[in-house]
Amino acid sequence: MLESSLRPRPRPAGFEKTVARAQAARTEAAEDGQMTKARELATTEAPLARDGMMLLGTFGTEASMSALIRLPDGQMHKVARGDKVGGHRVLGISDARVILQARGRSQTLAMPAA
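Residues in the sequence shown are numbered consecutively from 1, following the UniProt record's numbering.
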């Protein structure tokens with residue numbers, strides 16, 4: 001049976017002022033267009049291929065890379081080396097490429113150009 005529970009710690013002194021300053025800085029950044037610029041730099045626009053697979057991104061450590069691949073029907077799959085996707089086996093994954101093999105032929109998917 002529980003006889004007592006821990007009390008949560010009170011917020012640090014001046015917490016409300018810290019939150020207000022952060023909100024003001026965010027509003028100022030939005031008004032200066034800094035957030036829009038950051039959004040533009042973080043986004044690459046590329047047409048989605050409708051006739052084949054498309055590499056959307058790679059992630060992970062060098063020893064255990066994974067990739068996000070979009071199939072022609074719109075399905076997305078997270079894959080690693082050795083996995084099968086869309087009838088292809090994943091042979092390798094690097095920072096911006098995935099090498100696939102099907103029926104003895106290899107195919108390379110690359111990230112869209114920035």
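The C-beta atom is built at its ideal place from N, Cα and C for all residues, glycine as well. The structure presented is a predicted model; accordingly, all values stated were derived computationally and were not measured.
Please report how far the alpha carbon of E62 lies from the alpha carbon of I93, in whole angstroms. Sequence index remark: in the sequence shown, residue 62 carries index 62 (1-based). Sequence index remark: in the sequence shown, residue 93 carries index 93 (1-based). Spanning the two alpha carbons is a distance of roughly 9 Å.
Grouping DSSP H, G and I as helix and E and B as strand, with all else coil, what is R97?
-> Counting from 1 along the sequence shown, the entry for residue 97 is found at position 97. Three-state DSSP puts R97 in a strand.
Give a yes or no on whether the C-beta atoms belonging to Q101 and H88 are separated by under 9 Å. Within the sequence shown, the letter at position 101 stands for residue 101. Within the sequence shown, the letter at position 88 stands for residue 88. Against a cut-off of 9 Å, the Cβ pair of H88 and Q101 comes out as a contact.
| Since M53 contacts L109 with CB under 8 Å, what's their CB separation in whole angstroms? | Counting from 1 along the sequence shown, the entry for residue 53 is found at position 53. Counting from 1 along the sequence shown, the entry for residue 109 is found at position 109. About 6 Å; that satisfies the 8 Å criterion.
ask   = In whole angstroms, what is the alpha-carbon distance linking R7 and R97?
value = Position 7 of the sequence shown holds residue 7. Position 97 of the sequence shown holds residue 97. The straight-line gap from Cα to Cα measures roughly 51 Å.
Helix, strand or coil for R26 per DSSP? For the purposes of this step, residue 26 is taken as the residue at position 26 of the sequence shown. Helix at R26.
Item to check | Straight-line gap, R81 to S66 (C-alpha atoms, nearest Å) | outcome: Against the sequence shown, residue 81 aligns to sequence position 81. Against the sequence shown, residue 66 aligns to sequence position 66. Looking at the two C-alpha atoms, the distance is approximately 7 Å.
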